[in-house]
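Chemist: Structure below; questions to follow.
There are 2 protein chains.
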Amino acid sequence: MLLALLLLAAPVPPDVASRLVGGALTSGVAYSRLEELTDTIGPRLSGSAGAEAAVRWALKKFQQDGLAARLEPVKVPHWVRGEESGEVLPAPGIAGHPLALTALGNSVGGTVTAEVIEARSLSELGQSARGKIVFFNHSMTTPAGYGQFVELRSHGPSAAARAGAVGMLVRSLATASLRSPHTGMTGYDPEVQKIPAAAVSTEDAELLHRLLQRGAVRARLSLGCRMLPDADSANVVAEVRGREKPDEVVLLGAHLDSWDLAQGANDDGAGVAMVMEAGRLIASLPQRPRRTVRIVLFMNEENGLAGGKAYAAAHQAELARHVAALEADSGAGRPLSIRLHAGEGGRALLRPWLSALDGLEIPLEDGDASGADLGPMSTSQVPLVLVHPDGTHYFDIHHSAADTFDKIDPENLAKNSAAIAVVAWALAEMPEPLPRPPQPEHEPQDAPRPAAHR
Amino acid sequence: MLLALLLLAAPVPPDVASRLVGGALTSGVAYSRLEELTDTIGPRLSGSAGAEAAVRWALKKFQQDGLAARLEPVKVPHWVRGEESGEVLPAPGIAGHPLALTALGNSVGGTVTAEVIEARSLSELGQSARGKIVFFNHSMTTPAGYGQFVELRSHGPSAAARAGAVGMLVRSLATASLRSPHTGMTGYDPEVQKIPAAAVSTEDAELLHRLLQRGAVRARLSLGCRMLPDADSANVVAEVRGREKPDEVVLLGAHLDSWDLAQGANDDGAGVAMVMEAGRLIASLPQRPRRTVRIVLFMNEENGLAGGKAYAAAHQAELARHVAALEADSGAGRPLSIRLHAGEGGRALLRPWLSALDGLEIPLEDGDASGADLGPMSTSQVPLVLVHPDGTHYFDIHHSAADTFDKIDPENLAKNSAAIAVVAWALAEMPEPLPRPPQPEHEPQDAPRPAAHR
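For the record, the sequence lines run as chains W and X.
Heads up: the first sequence runs through residues 1 to 454, numbered per our numbering.
Heads up: the second sequence runs through residues 455 to 908, numbered per our numbering.
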């Protein structure tokens with residue numbers, strides 16, 4: 001009786017807790033894997049040689065870890081950056097200035113030389129934009145500003161083109177800068193002209209703003225980027241097959257692609273390393289959990305979401321048996337909490353299964369637990385769970401050349417891996433799955449996701 | 455009697471104190487001047503069009519401020535950067551990586567492709583460096599590390615060449631980085647081969663270090679820089695002529711040149727703006743001070759010190775009548791103290807004259823008060839004074855593309871200007887000059903100054 005009570009109070013066998021948490025905190029595998037991914041493969045933009053090398057690498061690592069792994073084909077956009085530069089042209093009494101800029105992902109290339117006008121919203125453009133380079137400025141200073149201003153990046157080029165502009169610059173969506181521009185996906189409205197679009201560093205945004213107080217500013221913008229034909233790529237899918245209910249799936253996701261400017265250590269090499277480590281640790285337990293733990297390394301999160309869409313399409317019939325999904329794509333800061341988006345009572349059901357994380361001070365809470373690659377399955381009411389890391393410095397390096405391995409703290413990476421492993425095992429082992437959330441999230445699949453870290 | 459005591463206790467007339475401090479804190483002139491210098495002229499490397507524009511600009515501003523201003527000719531090195539790039543070459547199992555690098559000032563250009571070896575000191579190079587690119591790594595994390603490791607930058611190329619190396623990379627001397635390399639002057643021993651030399655960002659230094667743990671690393675280094683024939687330039691010298699002892703001089707210095715990667719807002723546009731503002735405020739007083747206040751905007755501090763040397767040479771006969779010298783070249787952080795290097799009792803003599811700064815909490819203390827441009831006059835035992843700003847973030851941006859106007863805090867710039875104005879006026883007005891320091895500083899004029907902010 002006492003034993004039964006104890007088991008009820010602590011449903012996770014002590015050896016499982018210690019293997020998952022202790023293993024993550026002491027193995028160093030996630031950190032060394034991430035180093036290998038970032039240093040031996042490097043940038044992994046969809047369609048690039050790096051992306052394909054990463055697919056092969058991940059497949060092999062999963063197999064080495066004892067997971068059943070496979071590739072699921074995805075057709076991805078293949079955008080290449082080429083050479084890029086820009087400058088403020090000299091004018092009487094004003095020196096020219098080079099601009100620290102970088103093309104937005106999916107931008108068309110081209111060279112434009114025109115007067116610059118500054119705007120602070122998509123809606124304020126009028127006749128004055130005709131023939132100009134529209135410069136979207138904003139006041140992002142904290143991570144919350146990303147959701148507020150990302151529409152300037154994603155919809156700015158077409159808003160500017162609709163008003164007759166010939167080019168677009170946007171202030172980088174960044175919380176720190178040392179003259180470091182941040183790229184990110186943009187899109188074009190098929191109805192309007194596609195114009196070259198780039199992000200300038202926050203310093204250069206300040207410069208443009210100041211120079212415009214002095215008078216007219218002309219700038220040159222030269223982007224060598226172009227879109228090549230779609231390329232063949234893949235999501236990498238690996239499983240620890242459930243011992244009792246193999247058709248019920250706990251999905252752990254991260255994205256294997258990265259921007260091209262850096263190694264993509266934080267976005268999203270870290271997430272890849274975490275979910276791989278969770279899979280490795282669960283696979284190494286003496287007994288497989290009740291349900292299947294499936295790890296999906298999505299391709300093309302950054303500039304198209306083709307992997308997320310392909311997964312949802314290929315697995316449509318199976319999504320009702322996805323008992324939970326987690327995406328690790330929020331960096332590798334200290335894990336602050338586990339966020340759950342499920343039906344009523346879900347939190348109370350899950351909580352006792354997470355006691356192994358008490359020592360790490362990672363409480364369970366309700367909250368936004370979405371992930372970009374999980375968006376396409378949002379109509380299927382899959383319960384979502386998120387290990388939520390401290391994001392204070394996430395946008396210091398996000399989508400910039402500074403997203404490098406040295407920024408990763410090994411201890412925090414390990415703690416995130418531990419939390420994901422514990423949550424995934426719990427969701428796969430609980431006798432009954434969590435109640436599904438009451439309504440589908442009302443989010444169009446193709447719209448930019450303002451609050452996400454894309 | 456009471457009045458006499460009051461005057462003794464507070465030798466600075468209240469209206470002088472309020473005009474200098476209040477003027478600096480409310481005029482906004484230093485800040486708008488700095489904006490004008492950085493935005494309308496921009497980078498000012500010796501020999502460049504920007505440097506010459508800055509000379510003309512400063513002369514005109516001094517004249518507008520009512521100072522007697524002139525140019526004193528200086529022959530300066532004329533080094534140009536050109537295009538530059540570098541990469542780690544791909545190897546079996548290892549992707550190639552672009553390197554964020556920038557040529558060291560005065561480096562020769564050229565393209566070298568060779569294996570990289572890592573070193574941590576000038577002395578450890580042996581036969582293994584032959585035919586290699588020597589990569590000097592170090593562990594600078596705080597401003598104090600600059601003095602400790604700057605020899606790797608200044609003497610590294612010749613140390614490497616002496617060991618047979620064909621190229622040199624040095625980890626940037628930086629306290630923060632977002633993939634932002636820091637340039638800085640290097641020099642060549644005339645006895646050995648001049649080899650191309652560049653700084654890599656701290657992130658790229660970490661990458662090289664990690665890759666070298668995996669095996670051999672080959673890199674390509676392509677520098678388009680070259681040294682052109684020396685150019686004609688000038689120090690800009692302006693004076694508020696002393697009313698009683700015009701031949702006794704209080705020198706306020708800063709340097710007009712900057713590196714070419716950025717606007718040189720912090721190094722040393724800020725110093726230029728401060729000493730100009732001190733001069734403007736002193737010139738606007740109803741009565742000129744007893745001695746001459748001379749403002750010298752030196753040319754070529756960054757890559758040659760030609761201006762400092764030319765000034766010391768041209769004014770050799772007069773240096774014994776330089777009663778004090780101050781250089782503002784430590785950034786524009788909050789002023790923490792006034793440092794004095796003078797003869798015994800100097801501090802007690804000066805202190806009552808600085809009471810106007812009590813409200814700003816800028817105490818007088820002994821300490822290193824040197825400045826790079828003042829080095830060549832060090833044999834003349836000129837008392838040195840320094841308004842010492844908080845340098846915590848100085849090396850975050852120093853010599854990098856991020857040394858831009860937006861980094862300047864207007865309030866701290868104004869406080870520094872106020873402090874310099876008060877100190878300069880005091881030194882020019884005190885009945886007797888400060889005692890000179892007992893011994894000349896034993897510092898060879900051409901050696902790199904480890905503790906300085908060059």
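Backbone N, C-alpha and C define an ideal beta-carbon position, used for all residues, glycine too.
What residues in its chain sit with their C-beta under 8 Å from that of T595 of chain X, if we drop five residues either side in the sequence?
Modeler: As a position in the second sequence, residue 595 of chain X is number 141, starting the count at 1. Cβ neighbours of T595 of chain X beyond the five flanking positions: T629.
Chemist: Between W:D373, W:P433 and W:V112, which has its C-alpha nearest A219 of chain W's C-alpha?
Modeler: Start at 1 with the first residue of the first sequence, and residue 219 of chain W comes out as number 219. Out of W:D373, W:P433 and W:V112, W:V112 has the C-alpha closest to the C-alpha of A219 of chain W.
Chemist: Any contact of the region 159-167 of chain W with the region 122-130 of chain W, i.e. 3+ C-beta pairs under 8 Å?
Modeler: Touching, yes, given that three or more Cβ pairs across the two stretches are closer than 8 Å.
Chemist: On the premise that A342 of chain W lies in contact with P435 of chain W, defined as a C-beta separation below 8 Å, what is that separation, rounded to the nearest angstrom?
Modeler: On the first sequence, position 435 is the one that residue 435 of chain W refers to. On the first sequence, position 342 is the one that residue 342 of chain W refers to. Yes, P435 of chain W and A342 of chain W are in contact; Cβ-Cβ is about 6 Å, under 8 Å.
Chemist: Assuming G737 of chain X and G520 of chain X are in contact, meaning their beta carbons sit under 8 Å apart, how far apart are those beta carbons, in whole angstroms?
Modeler: Taking the first residue of the second sequence as position 1, residue 737 of chain X is located at position 283. Taking the first residue of the second sequence as position 1, residue 520 of chain X is located at position 66. Rather than Gly, the amino acid found at residue 737 of chain X in this sequence is Ala. Yes, A737 of chain X and G520 of chain X are in contact; Cβ-Cβ is about 5 Å, under 8 Å.
Chemist: Hey, would you say L101 of chain W sits closer than 8 Å to D204 of chain W, going by beta carbons?
Modeler: For the purposes of this step, residue 101 of chain W is identified with residue 101 of the first sequence, where counting begins at 1. For the purposes of this step, residue 204 of chain W is identified with residue 204 of the first sequence, where counting begins at 1. Contact flag set, yes.
Chemist: Considering only their Cβ atoms, is the gap separating R607 of chain X from L558 of chain X smaller than 8 Å?
Modeler: By one-based count along the second sequence, residue 558 of chain X stands at place 104. By one-based count along the second sequence, residue 607 of chain X stands at place 153. Cβ atoms of L558 of chain X and R607 of chain X: closer than 8 Å.
Chemist: With distances taken from CA atoms, which of X:R734, X:D722 and X:V729 is nearest D857 of chain X?
Modeler: The residue labelled residue 857 of chain X in the question sits at position 403 within the second sequence. With distances taken between Cα atoms, D857 of chain X lies closest to X:D722.
Chemist: What are the residues that DSSP puts in a beta bridge with S222 of chain W?
Modeler: Counted from its first residue, the first sequence places residue 222 of chain W at position 222. Answer is W:S85 and W:T111.
Chemist: By the 10 Å Cβ neighbour count, where 16 or more other Cβ atoms means buried, how is D329 of chain W classified, buried or exposed?
Modeler: Along the first sequence, one-based indexing puts residue 329 of chain W at 329. D329 of chain W is buried by the Cβ-count criterion.
Chemist: Taking 8 Å as the threshold (beta carbon to beta carbon), is R480 of chain W in contact with chain X?
Modeler: Given a span of 1 to 454 for chain W in the structure shown, any question on residue 480 of chain W remains unanswerable.
Chemist: Which two residues bound the contiguous beta strand (DSSP E) that contains T142 of chain W?
Modeler: Start at 1 with the first residue of the first sequence, and residue 142 of chain W comes out as number 142. Premise fails: T142 of chain W is in no beta strand (DSSP E) and is neither H nor E.
Chemist: Suppose the cutoff is 8 Å on Cβ atoms and the five residues either side in sequence are ignored; what does the same chain contact list for V646 of chain X look like?
Modeler: Counted from its first residue, the second sequence places residue 646 of chain X at position 192. Same-chain partners within the cutoff: S612, A615 and R616.
Chemist: Please name the residue or residues paired with W533 of chain X in a DSSP beta bridge.
Modeler: The residue labelled residue 533 of chain X in the question sits at position 79 within the second sequence. Beta-bridge pairing links W533 of chain X to X:M681.
Chemist: Suppose the cutoff is 6 Å on Cβ atoms and the five residues either side in sequence are ignored; what does the same chain contact list for A716 of chain X look like?
Modeler: Here residue 716 of chain X refers to the residue found at position 262 of the second sequence. Once the five neighbours on either side are set aside, the close Cβ partners of A716 of chain X are A855, D857 and T858.
Chemist: Taking G547 of chain X as the query, report the chain W residues whose CB atoms sit under 7 Å from its CB, ordered along the chain.
Modeler: In the second sequence, counting from the first residue as 1, residue 547 of chain X sits at position 93. In chain order: T40.
Chemist: List, in chain order, every chain X residue whose beta-carbon is nearer than 8 Å to that of H78 of chain W.
Modeler: For the purposes of this step, residue 78 of chain W is taken as residue 78 along the first sequence, with counting starting at 1. In chain order: nothing, as chain X lies at least about 18 Å away.
Chemist: May I ask which residues mark the beginning and end of the beta strand (DSSP E) holding I198 of chain W?
Modeler: In the first sequence, residue 198 of chain W corresponds to position 198, counting from 1. A small fix is needed here, since residue 198 of chain W is Ala in this sequence, not Ile. Unbroken beta strand (DSSP E) run through A198 of chain W: A197 to V200.
Chemist: Sorted by chain position, which residues of the same chain lie with C-beta nearer than 6 Å to E572 of chain X's C-beta, five sequence neighbours on each side aside?
Modeler: Along the second sequence, read from residue 1 onward, the residue named residue 572 of chain X stands at position 118. Closer than 6 Å at the Cβ level, and outside the excluded window around E572 of chain X, lie F589, N591 and L666.
Chemist: Do the region 381-396 of chain W and the region 313-330 of chain W make contact, defined as three or more Cβ pairs closer than 8 Å?
Modeler: With the cut-off at 8 Å, the region 381-396 of chain W and the region 313-330 of chain W touch.
Chemist: Taking the CB atoms as reference points, tell me whether R745 of chain X and K699 of chain X lie closer together than 8 Å.
Modeler: For the purposes of this step, residue 745 of chain X is identified with residue 291 of the second sequence, where counting begins at 1. For the purposes of this step, residue 699 of chain X is identified with residue 245 of the second sequence, where counting begins at 1. Cβ distance < 8 Å, so R745 of chain X and K699 of chain X count as in contact.
Chemist: At least one CB of chain W closer than 8 Å to the CB of I862 of chain X: is that the case?
Modeler: Locating residue 862 of chain X in the second sequence gives position 408, counting from the first residue. No, no contact with chain W.
Chemist: So, is the C-beta of S854 of chain X closer than 8 Å to a C-beta in chain W?
Modeler: If you number the second sequence from 1, residue 854 of chain X lands on position 400. Cβ-Cβ to chain W under 8 Å: yes for S854 of chain X.
Chemist: If V530 of chain X sits next to S561 of chain X, beta carbons under 8 Å apart, how far is it from one beta carbon to the other, in whole angstroms?
Modeler: In the second sequence, counting from the first residue as 1, residue 530 of chain X sits at position 76. In the second sequence, counting from the first residue as 1, residue 561 of chain X sits at position 107. That pair is no contact at about 17 Å.
Chemist: Comparing the C-beta of A176 of chain W with each C-beta of chain A, is any distance below 8 Å?
Modeler: The displayed structure is made up of protein chains W and X, and chain A is not among them.
Chemist: Just how far apart, CA to CA, sit D446 of chain W and L122 of chain W?
Modeler: As a first step, residue 446 of chain W is located in the first sequence; it is residue number 446 there, counting from the start. As a first step, residue 122 of chain W is located in the first sequence; it is residue number 122 there, counting from the start. Bear in mind that the predicted position of D446 of chain W carries a pLDDT of just 46, short of 50, making it too unreliable to give a figure here.
Chemist: Would you be able to state if there are at least three C-beta pairs under 8 Å between the region 525-542 of chain X and the region 676-692 of chain X?
Modeler: Contact between the region 676-692 of chain X and the region 525-542 of chain X is present, because at least three Cβ pairs lie under 8 Å.
Chemist: Step through the CB atoms of chain W and report whether any lies within less than 8 Å of the CB of R805 of chain X.
Modeler: For this step, residue 805 of chain X is matched to residue 351 along the second sequence. Closer than 8 Å: no.
Chemist: Just checking, does the region 801-817 of chain X make contact with the region 688-697 of chain X on the three C-beta pairs under 8 Å criterion?
Modeler: Not touching, per the Cβ criterion.
Chemist: When we look at the beta-carbon of P289 of chain W and count the other beta-carbons within 10 Å, is it buried (16 or more) or exposed?
Modeler: Along the first sequence, one-based indexing puts residue 289 of chain W at 289. Burial call: buried.
Chemist: Do you know offhand how far D714 of chain X's Cα is from P335 of chain W's?
Modeler: Reading the second sequence from its first residue, position 260 is the one you call residue 714 of chain X. Reading the first sequence from its first residue, position 335 is the one you call residue 335 of chain W. Approximately 42 Å, taken between the alpha carbons.
Chemist: What is the DSSP secondary structure of K245 of chain W, counted as helix, strand or coil?
Modeler: One-based indexing of the first sequence puts residue 245 of chain W at position 245. Three-state result, K245 of chain W: strand.
Chemist: If we cut at 8 Å on Cβ distances, does G269 of chain W have a partner in chain X?
Modeler: By 1-based counting over the first sequence, the position of residue 269 of chain W is 269. No, G269 of chain W does not count as interfacial toward chain X.
Chemist: Per DSSP, G253 of chain W forms a beta bridge with which residues?
Modeler: Residue numbering aside, residue 253 of chain W sits at position 253 when the first sequence is read from its first letter. According to DSSP, G253 of chain W bridges with W:V296 and W:E327.
Chemist: Could you check which residue in W:S139, W:S27 and W:V16 has the C-alpha nearest to that of K415 of chain W?
Modeler: The residue labelled residue 415 of chain W in the question sits at position 415 within the first sequence. Of W:S139, W:S27 and W:V16, the residue nearest in Cα terms is W:S27.
Chemist: Output yes or no for whether 8 Å exceeds the beta carbon distance between A875 of chain X and A732 of chain X.
Modeler: Here residue 875 of chain X corresponds to residue number 421 of the second sequence, with the count starting at 1. Here residue 732 of chain X corresponds to residue number 278 of the second sequence, with the count starting at 1. Yes, they are a contact pair.
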